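Residue numbers (this note's numbering), protein chains in the order written: chain G, 389 to 658; chain A, 8 to 492; chain E, 1211 to 1434.
Positions of the beta carbon are idealized from the N, C-alpha and C atoms, including for glycine.
Keep in mind that this is a model prediction, so the values were computed, not measured.
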C-alpha cells in the first residue's frame, strides 16, 4: 500500500544479465568537481566490454532542490532528464544519493503527472548505483596489482539506506587481494554533509564531519574510499583543513571514489 | 519537604520553553560544550547497543515493524470512530472523558477537577503530554502543587529544567550533579553519588507524597477503544502509585493514542520497550479500565481521561503529515540521530526533541516558531530506519521544509506556512532550476564554472567554516568524455 | 459546538475515504507461539523473569504454603499482607509461619494506608498466569487482592500455576478472551521495580517492590 521508499532498497533486487551497453549518469557533482571519478567508472565499465553512453543533455537529478523543500524546482530539473535514456539499457550512477533520488523519489515528485510518473518509474527500475552494478551485474573480478594497503570505506547514508549497497562496497574491496578494509568507529553514522545542511548548520555539520574524520583516521587507514563524491568532498576537505591548521604538508586522509580506487588497483590507471 | 519546596526553583525560574527562533544560538552553545557532547554520545551509544541486542532476528523485526505500522495506520484511518468508541467504553466503565483543543483548555479541565477536590498536591507519573501543555506551570500558577515522581522527571523538576529526552528525562545530568541537587534541595540528605543510595532517597521522599497526594496524574501509552482501557508502560512503579493510591486519577493524552482492540497493544508494547530502552519488556504494564468498583478495597474513586488535540487534527487532515501521528513515543529516533547526539535535547527548545520533535512540534507550535527545526537534519535516514512504526521521518522533514519555505498561500496545510519564506532563497532556487532544467544553460554554466575556476570564492559560507574551499575541476567530465572519442 | 464536537468534526473532515484493512496479528504471533511443551514454557518464563532480578521457586500445590513460610522466615518478614477470601488465602491462614504474622487485608485501603506504607514488610498475591516469551506475570487485582497489595510492600510474593503460562501476551489475551471483560486494573509484572534514570545505571526498588519472589506450582509428574 505504501509507495516505494527508502529502506525498500534493501530488499533483494533482481539484477539483469550483463548488458551490451549502459547509460552513465554522472551527476552534477562528478561532472564539475570530481570528473576523474566519472572517467574511471566509465573506463572500468568499458574494460568489461560494456559500451558506455554518456547522454550529453544530463544535468542533475534534482535532489538539491527536492531535499531543500523546493519540489517544483526539483520537478522542473528532473523533467528535463526523462528523455535521456531512450534505449532499454541500465543506467549507472556513481553516487548513492543521486541513484536514490532517481530510484525512489522521481516517481513521488511526478505523483500528479501520470505520464511523467510512468516514465520516471520505468527509469527508476533500471537505475543502479555504481557499486551495485559492478558487483551484481558485471560480476567484477580483477587481479589486485597494488601493494598491500589498509583503507577505510565510507558508505553514504543514501547508499546504505536507500540503495542498500554497504555490503556491496565491502565485497568489491574484499575481491582485491592486497587491500585490507578497516571498519571505523560509528561506521554507520552520517558524515554531516547532507547537502544544504552543511551550509545551513555549519556548527553541527562540522561536529559530525570532524568526528567522522577522527574515527576514519583512528583506524590507521591510509585513505578513505567512498562511492559518493558529496561525502568524499566533505570528509577530505575537512581533513585538508585540519592538515593546514596543524601545519601538515601531506594529506593525512586522502580520499578516492571507489571507481578510481578499483581502477588503480587493477592496473587500469597509474 | 513540601511540594512547594520540591519545585521551588522552577517557580523562580520560568519553565516555559524559550522560542524556537533562538534555536541557532542554543545549538551553537550545545555543540561546543564538550561535556554535553561526550555524555550524550556515551548515552546514545549505550541505548543503540541495547536496542540492537533486542532484535537479533532481522525477519522478526521486519514483521513486527510492518505489523505495528499497520496497526497504527489502521487506527488512524478510523480515528474519529475509535475515539467515540473509546469514549463510550470508558464512560460505561465509569471513567469521565474530557476533550481539549488547546493546552489551556486541557489545563483548565484538570485544574477544575483539582479545585473541585480542593487538591493541594498532584503527584505525577511520566507524561510527555503534561510537559507539552506546561501542566506543572499551570497548576502552580493556581496554587496547586504538581510533583513529578518518575525518578528522571523528579530530578529534572528539582533542577528547574525540562526533560532532555522523552524516555530518559535526566539523561543530561551526571550522578555527581544529581548528588549535589539532592543534597541542596532535600532536607537532611548528605552528598552521595552512589546511584542506589540516590534512588533510595528519591523513593523515600516520593513515597511520602504518594501517601498524601490528592490526585494522581498520568499519561497514556495506548488507549483501547473496545474495552475502554488505558495502558501505561513503566519500570519504576510510580505510574502504578499515581494511578492507584490517590482518590482521583487523571490521565491526559493526545487523541492519536487510541487503538481499536486490546490485542493491538501486544505488538506495540513489545516493539515500544525494545526500541526505547532495549528492554524485552518493561517491569510494569498497567491496564486501567475504570475506577474502584463497589466492593473493591483500593484504587481511585474517580478516573478522568483528558483527550488533547493541540495541532494533531492539523497533521491528521493531510495524508502525508498524518503519518506523524503513528508515533508511539519510544525515542529510538533521537537515540540514533547524529544531530541529537551532538546537541542534546534542550537545544531544540521544544517539548519533544530529536527527529520526532522536528516533525511533531510544527503542528503543536506552528511554523512561525519552528520553521528552522526541519532544516536541522542531514536527512541521513537513521531515524526512519529504526522507527518501530516506520514513520518516514526524512520524507516528512522535506515536506515541512517545503511548507515552511514556500511563498505564503491561501488554504495552507499548516499554521505558519511560509514562515521561513525567503524571497532571495526562492529566487535562487528558481534560477538554479532555470539553469539545471535546460541542458544548454547547464552546459554553458558548467563550462564557465570550470574555465573560470580560479575565481571560485575562498570563503563559501558554512562550507569553509571548517573545510577547504570547493573548486570546480579544470575540465568537466563531459569534456573528458568528448576528448577521448 | 463543544471541543469534542470540533475535534471530531475536524477528524471526520480529514478522515481517509477508504478504510484500511484490519491488521492480521496471527501471522506474526502464530509462529512465535511455537510448540513449546509446558516444561519449556516454564523454563523460558523462569529464565526471563530471573533476568529481571526476580527470584523463582518451583514448588507444588501441597508444598507452597510451607515454602512461603520458610521464605518469610529467611527474609525476616514480620508482617505478610494477603487477601483472605481466596483459595490461596485460606491456605496461608493454615500455613506454618514462624516469626511472621500473616495479616489478611480487611476493609478499604483508607483504613490501612499508614500500615501499608510503613509497617507491612511483604505482600502476597495470586497470579492469573504468566507469559513465557518475556518472563512476565499476569496479575488481575480483585476485591480480595487489591491493587496496592502487589505494589506498596517492599517484597511481593506471587503464586503462579505453571499450567497458566502462555507463550506470548497476544496468546494470553486470546486464550482467555480478555476483551469479554477486563477488570478495573490488570497488570503485567516483569521483575521488581527498577530505574536507570541516573546515568543509565540500573537500580532496583525505585518506587514499587524491591524484591519479587515467584512461587511456581508445577503439576505433579512434570519435569522441573
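| Check | Outcome |
| --- | --- |
| Applying a beta-carbon distance threshold of less than 7 Å, which residues of chain E neighbour residue 77/A? | 1233 |
| In chain order, what residues of the stretch 1380–1410 of chain E put their CB closer than 8 Å to some CB of chain A? | 1380, 1383, 1384, 1388, 1389, 1392, 1393, 1394, 1395, 1396, 1397, 1398, 1399, 1400, 1401, 1402, 1403, 1404, 1405, 1406, 1407, 1408, 1409 and 1410 |
| Closest to residue 453/G by C-alpha separation, out of 420/G, 493/G, 442/G and 479/G, would be which residue? | 493/G |
| Please identify the residue among 1237/E, 1238/E, 1356/E and 1259/E whose C-alpha is closest to the C-alpha of residue 305/A. | 1356/E |
| How is the alpha helix (DSSP H) around residue 594/G delimited, first residue to last? | 590–606 |
| Could you check how far apart the C-beta atoms of residue 539/G and residue 482/G are, in whole angstroms? I think they sit under 8 Å. | Contact flag wrong, Cβ pair sits at about 18 Å. |
| Could you give the uninterrupted runs of the alpha helix (DSSP H) lying entirely in the stretch 1270–1355 of chain E, keeping only those of 4 residues or more? | 1274–1284, 1297–1303 and 1323–1328 |
| May I have the straight-line CA-CA distance separating residue 589/G from residue 432/A, to the nearest angstrom? | 16 Å |
| Taking the C-alpha atoms as reference points, what is the distance between residue 1335/E and residue 74/A? | 35 Å |
| For residue 1319/E, return the contacting residues in chain A, with the cut-off set at a CB-CB distance below 7 Å. | 304 and 305 |
| Give the DSSP bridge partners of residue 1371/E, in chain order. | 1427/E |
| Are there 16 or more other CB atoms within 10 angstroms of the CB of residue 478/G, so buried, or fewer, so exposed? | buried |
| Under three-state DSSP, which class holds residue 568/G? | strand |
| Quick one: which unbroken alpha helix (DSSP H) runs of 4-plus residues sit fully inside the stretch 1215–1256 of chain E? Chain order, please. | 1236–1243 |
| What does the Cβ neighbour count give for residue 263/A, buried or exposed, with the cut at 16 atoms within 10 Å? | buried |
| For residue 1373/E and residue 280/A, what's the separation of their Cα atoms in angstroms? | 27 Å |
| So residue 469/A contacts chain G; which residues on that side make the cut at Cβ distance below 8 Å? | 586, 587, 588, 589, 590 and 593 |
| Could you name the residues of the stretch 619–635 of chain G whose beta carbon sits closer than 8 Å to any beta carbon of chain A, in the order they occur along the chain? | 621, 622, 625, 626, 628, 629 and 632 |
| Less than 8 Å separating the beta-carbons of residue 1418/E and residue 244/A? | yes |
| With a 10 Å radius around its C-beta and 16 neighbouring C-beta atoms as the bar for buried, classify residue 17/A as buried or exposed. | Model confidence at residue 17/A stands at a pLDDT of 37, short of 50, so the residue's coordinates are unreliable and nothing is read from them. |
| Could you name the residues of the same chain whose beta carbon sits closer than 7 Å to that of residue 97/A, not counting the 5 residues immediately before and after it, in chain order? | 104, 235 and 312 |
| Which class does residue 323/A belong to by DSSP, given the choice of helix, strand or coil? | helix |
| Evaluate residue 346/A with the Cβ neighbour count: other Cβ atoms within 10 Å of its Cβ, from every protein chain shown; 16 or more gives buried, anything less gives exposed. | buried |
| What are the boundary residues of the beta strand (DSSP E) that residue 643/G is part of? | 643–645 |
| Is it the case that the Cβ atoms of residue 421/A and residue 409/A are separated by a distance below 8 Å? | no |
| Using the rule of at least 16 other Cβ atoms within 10 Å of the residue's Cβ for burial, across every protein chain shown, is residue 1433/E buried or exposed? | Because residue 1433/E sits at a pLDDT of 48, beneath the cut-off of 50, its placement in the model cannot be relied upon, and the following sentence gives the value as read from the coordinates. When all chains shown are included, residue 1433/E counts as exposed. |
| Do you know whose CA, among 640/G, 450/G, 633/G and 428/G, lies nearest residue 602/G's CA? | 640/G |
| If you measure beta-carbon to beta-carbon, which residues of the stretch 1289–1318 of chain E are closer than 8 Å to chain A? | 1315, 1317 and 1318 |
| Run the CB neighbour count on residue 81/A, radius 10 Å, all protein chains shown included, and call it buried at 16 or more, exposed below. | buried |
| Using a Cβ cut-off of 8 Å (strictly closer), state whether residue 420/G contacts chain A. | yes |
| Could you spell out where the beta strand (DSSP E) holding residue 426/A opens and where it closes? | Here residue 426/A belongs to no beta strand (DSSP E), and DSSP marks it neither H nor E. |
| Check residue 216/A in the structure and name its three-state DSSP category. | helix |
| Pick out whichever of 140/A, 292/A, 387/A and 463/A has its Cα sitting closest to the Cα of residue 239/A. | 292/A |
| Report the option in 469/A, 483/A and 481/A whose CA atom is closest to the CA atom of residue 593/G. | 469/A |
| Go ahead and label residue 158/A buried or exposed: buried means 16 or more other beta carbons lie within 10 angstroms of its beta carbon, across all protein chains shown. | buried |
| Check for me: the beta strand (DSSP E) holding residue 309/A runs from which residue to which? | 309–315 |
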